[in-house]
Amino acid sequence: MHHSGNSLLDPSGRLRLLPYCGYALVATLLCGCLSKPYGSDLPVLQLPAQYQNAAPGEATAAVSGASPAVESEDPAASSPIAAPPAADETPVDWWRDFGNRELQALVDRGLANNPDVRIALNRIVQAKARADQANGARYPALAAPLTIAEQAPGGTTVGTAPAGSVSSAGGRNTSQKTFQASIRADWRLDIWGEQSALADSANFQLWRAVYERENVQRNLAGSLAASYVEFLSLNDRLRIAMETEDVLSATLASIEKRVKVGDATLSELEQQRAAIFAVRASIPTLEQQRFDALAAIAFLVATVPGNLTLSDDGLDSLAIPGVAAGVPSSLLLRRPDVRAAEAQLLAADADVAVARARILPPMDLSAQIGYSSVALSQLFVPRALFWSVVDSLTVSIFDGGRKRNEQVFSQAVQEEMVESYARTVYRAMKEAETALAAVRLSERRLAAQREASQAARRAWEISTRVYAVGGIDYLSLLETQRSYHRYLDDYQKGRMELFRGYISLFQALGGGLKATRQAPAGDNAAAGSPRALPAAADGIPVDDGAGVSSETFWQVELGGLYHRSTIGATWRDLHSRYAELMAGRAIRPRLQGRIDDDRDGQQSWYRLYVAKFASPPEAERFCLALKSDQQRCRVISSESDETVLAPTATPPAERAGPSSVAKGTP
């Protein structure tokens with residue numbers, strides 16, 4: 001339909017848009033009436049109510065006892081054993097249960113600076129932009145076209161063609177310029193649910209990115225803790241090797257004296273030397289392994305090995321963490337990798353609905369109103385007013401099977417995601433059972449290894465005294481020496497494996513995340529005012545910009561984006577490494593984006609600033625200290641700063657997570 005001139009007005013002078021508004025209203029209602037529900041049930045997986053392997057009990061004396069190579073009492077009774085958490089929850093910051101401040105500082109540093117965590121956060125930003133685009137496509141698009149056209153009988157030329165043009169027959173045609181200014185609205189009616197399904201798919205992909213970031217954070221904490229435990233174990237093994245070398249050297253001195261008086265042979269002397277050099281040869285290997293562990297830790301905390309200094313503590317600096325004895329296996333479904341697979345499955349399900357809707361004919365509605373005139377001076381006179389409303393329904397007659405095969409493809413992807421989801425759940429169950437069995441069996445193995453190493457030590461001490469009086473030959477003494485060194489090294493390896501078993505168990509149970517964490521479905525597009533940061537409750541000074549005077553101050557912007565859950569770790573890391581420079585400072589977070597329908601407000605990200613510095617040189621000194629540790633930063637003035645923290649917003653209503661929206665309608 002196209003009407004021009006005064007046809008837009010009825011005889012009484014009122015607009016005649018009401019019939020066409022009625023058409024649009026009917027079409028809008030059809031969007032809900034004709035949309036077909038989509039969705040598929042998540043695969044029903046029969047998980048056992050409890051794990052086959054019982055959860056580990058209290059720590060044994062063999063776990064936390066001191067090295068048999070050092071004269072000491074059994075410290076099992078004095079070891080700080082963490083209290084078991086509730087049976088339905090794994091500790092959020094489980095690495096704190098090991099009671100080692102250096103480990104806690106390393107995890108804070110990793111959460112604050114690790115590139116993989118930053119990359120995963122930026123993927124959330126990207127996914128949110130796509131979700132915003134998909135949600136925006138459900139609304140009409142408005143444009144304001146301005147057109148200058150010159151038209152002749154042979155066609156239309158936009159631009160500055162001559163006033164008269166020559167026709168192909170050699171004559172001259174009369175051309176005419178047209179000026180047009182209007183407002184145009186284009187809207188694809190969501191009759192078959194295509195736009196809604198596209199929005200749902202993008203939203204589920206957004207939550208997949210959220211869970212993948214959480215999974216990166218979970219794996220980072222586990223990898224850091226495992227590498228640190230290995231580093232501590234190698235400290236112990238190096239210490240034992242050096243102590244063993246000292247004892248063997250003392251024995252060598254005794255044999256040398258006996259050779260001089262004829263009580264020992266040169267063969268015995270050389271065998272003792274060989275034993276000493278065998279131990280010395282193992283020391284560089286242990287040092288190389290310790291450096292490798294240090295380099296792995298440095299990589300995870302985003303620095304170089306030369307800038308990372310760790311203590312010489314051993315495994316005695318770790319406490320045995322408590323683990324609830326009755327953790328239900330259903331809690332595995334809250335693991336971020338399982339939730340990511342679930343979100344991906346629901347996104348694939350929505351994609352099937354998109355492909356199905358695209359087989360059906362789309363309906364497009366266009367409306368335009370404006371002025372059109374042959375003279376620019378008369379463009380906005382009443383008689384130049386025109387309007388048009390176009391409703392189009394396009395039926396595809398033949399497309400070579402493209403749309404139908406797109407549906408087949410989407411259905412196959414959805415079925416693949418069903419299997420991927422099941423595989424992820426089964427893998428999580430396997431990891432949990434394996435970790436539980438490893439901890440339980442490691443405790444038994446370690447108790448036996450402790451007894452074996454203690455018995456080997458007593459045998460060595462007895463053999464040394466008996467050999468001194470000539471009661472046994474040297475080969476018997478040498479064998480007891482080697483046995484003790486071997487058993488003791490195995491014991492230290494066993495202690496390391498037990499602690500790493502606990503780390504694997506916490507990872508397998510989804511540790512590091514809140515048990516109540518649920519991902520909503522539906523609209524999550526607009527970023528708004530941030531909620532109050534939880535860091536403020538942890539004693540972290542947060543400068544929210546309230547009451548800022550006109551006085552100019554300087555601040556240091558930390559490089560990259562920071563997830564809300566890592567702000568506290570960032571503050572602790574900075575205060576731990578730069579205590580003097582951080583005296584009197586505060587964190588100034590600036591909201592960059594958030595997901596509105598996350599019920600606990602965890603999904604928000606910020607730029608972080610350290611304030612306040614009185615002068616640029618003072619701020620530059622702090623920034624240079626960060627750069628020496630491979631951290632990006634820059635000094636900026638408060639005059640160039642925007643509002644840092646908006647007022648606290650009321651949390652949105654709770655919504656169901658993917659687990660409860662396996663079926664839905666667009």
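Residues 1 to 666 in the numbering used here are what the sequence shown spells out, letter by letter.
For glycine and all other residues, C-beta sits at the position ideal for the given N, C-alpha and C.
Proximity below 8 Å, CB of residue i to CB of residue j
i	j	result
serine 366	alanine 185	yes
glutamine 492	aspartate 246	no
leucine 103	tryptophan 95	yes
glutamine 611	alanine 586	Looking at the sequence provided, one finds alanine at residue 611 rather than glutamine. Taking 8 Å as the Cβ cut-off, alanine 611 and alanine 586 qualify as a contacting pair.
leucine 505	leucine 591	no
glycine 494	arginine 445	yes
tyrosine 695	alanine 264	Residue 695 lies beyond the stretch modelled for the chain, which goes from 1 to 666, so this question has no answer here.
valine 301	glycine 559	no
valine 259	leucine 269	yes
alanine 298	leucine 286	no
proline 361	serine 396	yes
glutamine 195	arginine 130	no
arginine 695	glutamate 557	Here the chain has residues from 1 to 666 only, and residue 695 is not among them.
tryptophan 192	alanine 357	yes
arginine 588	glutamine 555	yes
Cβ separation of residue i and residue j, assumed to be a contact under 8 Å, to the nearest whole Å
i	j	result
phenylalanine 98	leucine 346	Actually they do not touch by this definition, with Cβ atoms about 37 Å apart.
histidine 485	valine 279	7 Å
leucine 315	phenylalanine 499	7 Å
serine 282	alanine 241	6 Å
alanine 181	leucine 385	Contact doesn't hold; Cβ gap of about 11 Å is too wide.
alanine 459	threonine 434	That belief does not hold up - the Cβ atoms of alanine 459 and threonine 434 are roughly 36 Å apart, past 8 Å.
valine 483	alanine 456	For the record, residue 483 in the displayed sequence is serine; it is not valine. About 5 Å; that satisfies the 8 Å criterion.
isoleucine 359	arginine 402	The Cβ separation is near 10 Å, so there is no contact.
glycine 501	serine 442	5 Å
leucine 189	methionine 363	5 Å
Helix, strand or coil at residue i according to DSSP, with G and I counted as helix
i	result
isoleucine 369	strand
arginine 517	The pLDDT assigned to arginine 517 is 43, lower than 50, so where the model puts this residue is not dependable; a value taken from the coordinates is nonetheless given after this. Arginine 517: coil per DSSP, three-state reduction.
glutamate 150	strand
alanine 532	Reliability of the predicted coordinates at alanine 532 is poor, the pLDDT of 41 falling under 50, and no value is obtained from them.
aspartate 174	Rather than aspartate, the amino acid found at residue 174 in this sequence is threonine. Three-state result, threonine 174: strand.
serine 388	strand
methionine 496	helix
glutamine 592	strand
methionine 582	coil
leucine 310	coil
alanine 69	The predicted position of alanine 69 is uncertain, since its pLDDT is 38 and thus under 50; no value can be drawn from it.
glutamine 104	helix
isoleucine 636	strand
threonine 643	With a pLDDT of 38 at threonine 643, under the threshold of 50, the modelled position of this residue cannot be trusted; read the value that follows with caution. Coil.
glutamine 180	strand
aspartate 629	coil
leucine 418	Here the sequence assigns valine to residue 418, which means leucine is not the residue at that position. Note: valine 418 maps to helix in three-state DSSP.
leucine 678	Limits of the chain in this structure are 1 at one end and 666 at the other, which puts residue 678 out of reach.
arginine 335	coil
glycine 164	Caution applies to glycine 164, whose pLDDT of 47 falls short of 50 and renders its modelled position unreliable; the model cannot decide the point.
alanine 185	strand
tyrosine 139	coil
tryptophan 571	helix
serine 78	In this prediction, serine 78 has a pLDDT of 30, which is less than 50 and means its spatial position is unreliable; nothing more can be read from the coordinates.
glutamine 603	coil
leucine 360	coil
Cβ neighbours of residue i in the same chain (closer than 7 Å, five flanking residues each side left out)
i	result
threonine 552	Ser637, Ser638, Glu639
threonine 424	Asp337, Val338, Ala341
isoleucine 276	Glu245, Leu248, Ser249, Leu252
serine 569	Per the sequence presented here, residue 569 reads as alanine, with serine not at that position. Here the set comprises Asp108, Leu111, Ala112.
Same chain, Cβ closer than 8 Å to residue i, five either side skipped, listed in chain order
i	result
arginine 290	Phe231, Leu234, Asn235, Leu238
glycine 470	Asp263
Same chain only: Cβ atoms within 6 Å of residue i, ignoring 5 sequence neighbours per side
i	result
alanine 127	Gln205, Leu206, Ala209
glutamine 630	Thr303
glycine 222	Ile503, Gln507
leucine 477	Ser463, Tyr467
glutamate 431	Ala508
arginine 632	Gly559
asparagine 100	Ser317, Leu318
Between the region 332-339 and the region 213-232, do three or more beta carbon pairs fall short of 8 Å?
Touching, yes.
Say whether the region 350-362 touches the region 201-209, bearing in mind that this needs 3 or more beta-carbon pairs closer than 8 Å, one atom from each stretch. yes
Are the region 246-256 and the region 368-386 touching, with three or more C-beta to C-beta distances below 8 Å? no
Is there contact between the region 108-125 and the region 557-572, where contact requires at least three CB pairs shorter than 8 Å? Segments in contact, yes.
Is the number of C-beta pairs between the region 139-151 and the region 174-191 that are closer than 8 Å three or more?
yes
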